[in-house]
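2 protein chains.
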Amino acid sequence: MSATNWPSIISELAELEIITDAVQLSKLSLDYYHFSPILSKKLNNKRANLVVRPVNEVEVLKIAQTCVKYQVPLTVRGAGTGNYGQCIPLEGGVVLDTTKMNQIRSLEPGLACVEAGVKMAAFDKKAREIGWELRMAPSTYRTATIGGFIGGGSAGMGSITYGQLRDRGNLQAVRVVTLEDEPRILELRGDDVQKVNHAYGTNGIITELEIPLAPAYPWVELIVIFDQFMRAARFGQALGDSDGIVKKLITIQAWPIPSYLTALEDYLPQGKHAALLMISQYDLEPFQNLVKEYGGEITYQKTATEATKGSSLLEFTWNHTTLHARSIDPNLTYLQTFYFTLERVEQMYDYFGEEAMIHLEFLRVGGKAIPAGLQLIRFTTEERLNEIIRYHEEQGAGIANPHTYILEDGGRKVIDPEQLAFKEKVDPYGLMNPGKMRAWLERAVSV
Amino acid sequence: MSATNWPSIISELAELEIITDAVQLSKLSLDYYHFSPILSKKLNNKRANLVVRPVNEVEVLKIAQTCVKYQVPLTVRGAGTGNYGQCIPLEGGVVLDTTKMNQIRSLEPGLACVEAGVKMAAFDKKAREIGWELRMAPSTYRTATIGGFIGGGSAGMGSITYGQLRDRGNLQAVRVVTLEDEPRILELRGDDVQKVNHAYGTNGIITELEIPLAPAYPWVELIVIFDQFMRAARFGQALGDSDGIVKKLITIQAWPIPSYLTALEDYLPQGKHAALLMISQYDLEPFQNLVKEYGGEITYQKTATEATKGSSLLEFTWNHTTLHARSIDPNLTYLQTFYFTLERVEQMYDYFGEEAMIHLEFLRVGGKAIPAGLQLIRFTTEERLNEIIRYHEEQGAGIANPHTYILEDGGRKVIDPEQLAFKEKVDPYGLMNPGKMRAWLERAVSV
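As they're listed, the protein sequences go chains H and Z. So in the UniProt record's numbering, spot 1 of the first sequence is number 1, and the numbers just go up one at a time. So in the UniProt record's numbering, spot 104 of the second sequence is number 104, and the numbers just go up one at a time.
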C-alpha cells in the first residue's frame, strides 16, 4: 500500500465527500467484530486509508474507476453493524460508505426500489404510510442499511414468516457497479441476484435494490415467561407452526440470559426462561390460548402504537441479546447454530449448561419453522470454543461460525462457483474486499 | 314424524319466511352428496318437512323454541355446497336456511364479524375495499356461506398459507343459539369455538362469526404444465416450501384430469400434467424462476384485474375439479387423502394408474406444506372403493372418507368429547341434525 499515490487519488475524488481523519477512519473501518475474541485480535488494527461517501451511482462509478486505475482495494460499508468483519478492510485502501446513497427510488404496494444506503427503520416508516413494511430486518434495524443487510446479513425479525434473505423472492433485483478496466453498471434480476447476495461486497458494489415488501401489521410486543426451558422452546416451535397466528419474532432465551436484559428486569423474574415476541394484534386472542396451553405467563405487552415509542423488543433479540450480555460480561461471546430439532436443543442445553446459554430464534428454512441458536458462550480459550463447535457439529447441528471473516467459513461452508465466476468477471484484479472470499484466494494461489 | 302437528308449527312461525313447496323443499334438503355413489343411494330421498329462512337471531331463537316445543329435528343449511350430506335432514323436520342472515356486522383491518349466511365472494368484495380478504375459502366461494364453511368445511384456497379452519386463530368467536328448553344465545371465544367448529351444526345454530382476515394481494392466476407428473408434484411442494413467494392456491392435476376441464382446453395440452396456481403479482418474477428450475411451461396467466372478470381458476380446483370431471363422466367419484409425503404420492400414482387419478391440493398442516389428495376414482363397486381406501390407509396415508355422512367417520376418525359434551348441554333432546354425530348416537344407545 505504501507505493499508492494517495494524494492523486484524493485529488481525483475531490468532488466527493472524503474522510481522512484518523479517528473517523478508525470508526468507519470497523464493525461489531469484537463480539468475537478470535476476530478481535485479528481485525482490531485494520484501517482504510480513505473513506469516500458517494451520494449517487455516478459518484460510485468514479470511485470504481479510480480504484481500478490506482489498483487499490475497495471495501463497501453500510452502517457497519455486521459481526464478522464483513466490511473491515483487511488490506486497507478505500472504504466506500453507502450511507449518503439513501434515496427511496420507488415505493409501491408489495415492492420497493431503494439505494443501498437507505436505513431500514427509516424506510419502514415511509413504507408503513402505504400499509407495507420490510419482510425482514436485523436487530440493528434502526441504523443498518438495506444494502448492508443484503451484503452481509441473512435473516432477522420477519424470517419466521418469510425465511432467509437467500430464499427466492426475498431480493428481486440489484444494480451493481463493477471494477473492470471500464467499470460498468449491471442489473441482476431474478435468480441472478444470488451472484452478489450475501457476498460481503466481494464481487460488485451494490448501488440499488428491488425488494419485496410485507403487509404491515400492528405488531404487539410481548414477553412470556416459563418455569422450564424446554417448555419455552416447545412453545416457540408451536407458535412457529401455528399457521393461523401471524407473527414476526419468536425469541427464546434460557435463564440466565434474561438477567442480562436489565432494561426489562421488571418483566423477567429470577430463574425464569423468556420468550420475546411480536404477534399480530388481530391474533392476540388465539395467541393467549396458545400461551395458556404451554403454561406460560405474559409479563409484558405493548400495543403496536406503544411499541413504536421507545425501545422495541427487537433490540433485545437476535444479536442485540449478545450486545446486552457482553456489556455486562465482556467474556461472553456467541455461536450461530442450526439445531434443526428441539431434541438437539435439549441435548445441548443439558450437555453444556451455562457454558453455552441457549438463545433461540425461530425462522423458516425450506418451508419449516426451525430453532436456530445464537447461544451465549462463556469464553475461555480458542481451543475450547472450537471443541464446543465440533461437539455441536458431531451431534448433527450446523454451526455458522461467527469467529471467521472468511465468507465460506461462516455459514455456507462450501465455495459458491457462481459468486466466484461473477467475481472473476467484474473484479478481475481482486480489488473488492480482498481476503474475504476463500474461493478467490484459493484460485489466486493455484494460478 | 307423522304425529307432528305441522299446521301448528307453521302457524307459530307465520311471521317468518317459510317454504313448503315440494320442489323447493327437495332442492333445499340436498347438497352435492351425489359426488358419492354410496351417499347417493342413502340420501337422495331425504327431505325436510319445512324450510325456514330467518333474517336475524331473534327469528332463529323463535325457530329454536318452536322445534323444542314440538320436538322436531332442526338442520342448519348454508348454501348447500357440501359434499357429504352435512346439511341433509336425515329425519326430516325443519331446515333452517341461513342465507337471509347476510349482514356484515363489522369489517375492520384484520378482523370481521359476519352473520352466518354471508356469502364468501360477496364478503370478499367488501373486504377488498379496505385491503383485506378471507384467509381461506372453498371452490364454491361464489355461493357458499361463511357459516356453512365453518360448519361443514375444513380448508380451501388460502390454506397453503393459513392452514385449516380448525387451526387456532382461523375462527375467533361464534354466537350460537341452543335448543334447550329455553333456547339461549351463547358466545364462544378463543379455543371454545372448537366446540362447534366443523360439527355439521349438530350442537348449536351458529348465527354470527368473528373471523380473521388476510391482507388482500393482487393474485395472478396461472397454469403451468409439465411432461412428468412427479415433476409437477415436486414443483408444487417446492412452491409450497418457498417462504419468499406469497401464494394462495397450489393445485396439481395428473393427466387425464386436465382433459375434463374443457373450458381451459386451450391451455391444457394432451398428455400434460397441470399446476393451477394463484401467486402474488409482486412475486411473479421469482415464481417464474421456480417454474424454470422445474422445467414447467406457463400456458395461462391472468392478472389479478383480469382474473376478477369471468371464471376464476379456483373454480377448476378443489372439489370443482370433481364437479367438472363428473359432468363428463358421471361414473367418477373421489377420495380425500393426506399423503403427507411425495414418496407416498408417487407410490399411489404408480400403483393405481388411472383408477385413482391424482389431484393434489397443497396446504399447511402443523406448519408444513403437505400434499393432500382429492383423487378422482373410476368407480366400479363399493367393495372396490373400500379396498382402495384400505390400501391407502395401510400405506400410511390418511383418508378423510367423503362417502359417509357421519361426522367422525369422515376426517376426524375419533369422537370429540368436547363437541359431544357441548351437544349434551345445548341440544339435550338430540334434535339438531340427527344421525350425523356418532358420539351422540352411541351415547343414545348406551343410555
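All C-beta atoms, glycine included, are put in the ideal place defined by N, C-alpha and C.
Verify whether the separation of the beta carbon atoms of residue i and residue j is less than 7 Å.
i                : j                : result
Ile250 (chain H) : Leu268 (chain H) : no
Val246 (chain Z) : Asp191 (chain Z) : no
Gly169 (chain H) : Pro286 (chain Z) : yes
Leu209 (chain Z) : Val114 (chain Z) : yes
Ile377 (chain Z) : Tyr334 (chain Z) : yes
Gly373 (chain H) : Leu213 (chain H) : no
Val174 (chain Z) : Ala64 (chain Z)  : no
Tyr200 (chain H) : Leu39 (chain H)  : no
Ala274 (chain H) : Ile223 (chain H) : yes
Asn433 (chain Z) : Thr207 (chain Z) : no
Ala304 (chain Z) : Trp219 (chain Z) : yes
Could you have a look at residue i and say whether DSSP puts it in helix, strand or coil?
i                     : result
Val52 (chain Z)       : strand
Gln253 (chain H)      : strand
Met1 (chain H)        : Unreliable placement is indicated for Met1 (chain H), whose pLDDT of 46 sits below 50; no coordinate value is reported for it.
Glu221 (chain H)      : strand
residue 451 (chain H) : Outside the shown range of chain H, which is 1 to 447, sits residue 451 (chain H), and nothing can be said about it.
Leu407 (chain H)      : helix
His392 (chain Z)      : helix
Glu17 (chain Z)       : strand
Gly373 (chain Z)      : strand
Glu383 (chain Z)      : helix
Val196 (chain H)      : coil
Ala79 (chain H)       : coil
Pro215 (chain Z)      : strand
Leu111 (chain Z)      : strand
Trp309 (chain H)      : Here the sequence assigns Lys to residue 309 (chain H), which means Trp is not the residue at that position. Note: Lys309 (chain H) maps to coil in three-state DSSP.
Phe362 (chain H)      : strand
Any Cβ of chain Z within less than 7 Å of the Cβ of residue i?
i                : result
Leu360 (chain H) : no
Glu297 (chain H) : no
Asp31 (chain H)  : no
Gln395 (chain H) : no
Ala22 (chain H)  : no
Glu306 (chain H) : no
Lys368 (chain H) : yes
Asp124 (chain H) : no
Ile245 (chain H) : yes
Ser242 (chain H) : yes
Arg168 (chain H) : yes
Gly156 (chain H) : no
Report, in whole angstroms, the separation of the C-beta atoms of residue i and residue j, which I expect to be a contact under 8 Å.
i                : j                : result
Gly78 (chain H)  : Lys100 (chain H) : About 12 Å separates the two Cβ atoms, so there is no contact after all.
Asp97 (chain H)  : Leu28 (chain H)  : 6 Å
Gly156 (chain H) : Ala137 (chain H) : 5 Å
Gly92 (chain Z)  : Asp31 (chain Z)  : With 8 Å as the limit, Gly92 (chain Z) and Asp31 (chain Z) do not qualify as a contact, their Cβ atoms being about 16 Å apart.
Tyr162 (chain H) : Asp241 (chain Z) : Actually they do not touch by this definition, with Cβ atoms about 13 Å apart.
Please report whether the beta-carbon of residue i lies at a distance below 7 Å from any beta-carbon of chain H.
i                     : result
residue 500 (chain Z) : Only positions 1 to 447 of chain Z appear in the structure, and residue 500 (chain Z) is not among them; the question remains open.
Gly398 (chain Z)      : no
Pro215 (chain Z)      : yes
Leu111 (chain Z)      : yes
Tyr162 (chain Z)      : yes
Tyr405 (chain Z)      : no
Tyr141 (chain Z)      : no
Tyr339 (chain Z)      : no
Tyr282 (chain Z)      : yes
Asn197 (chain Z)      : no
Arg443 (chain Z)      : no
Arg364 (chain Z)      : yes
Gln228 (chain Z)      : no
Report all residues from its chain with a CB closer than 6 Å to the CB of residue i; omit the five preceding and five following residues, and keep chain order.
i                : result
Ile19 (chain H)  : Val51
Gly435 (chain Z) : Leu90
Thr140 (chain H) : Thr81
Ser280 (chain Z) : Tyr217 and Val246
For residue i, which residues of its own chain have a beta-carbon under 7 Å away from its beta-carbon, when the five flanking residues on both sides are left out?
i                : result
Phe316 (chain Z) : Leu261, Leu264, Leu276 and His324
Pro428 (chain H) : Glu180
Arg344 (chain Z) : Gln395, Gly396 and Ala397
If you drop the 5 nearest sequence neighbours on each side, which residues of the same chain put their C-beta closer than 8 Å to that of residue i?
i                : result
Ser8 (chain H)   : Tyr70
Pro256 (chain H) : Glu354 and Met357
Lys126 (chain Z) : Ile104 and Leu107
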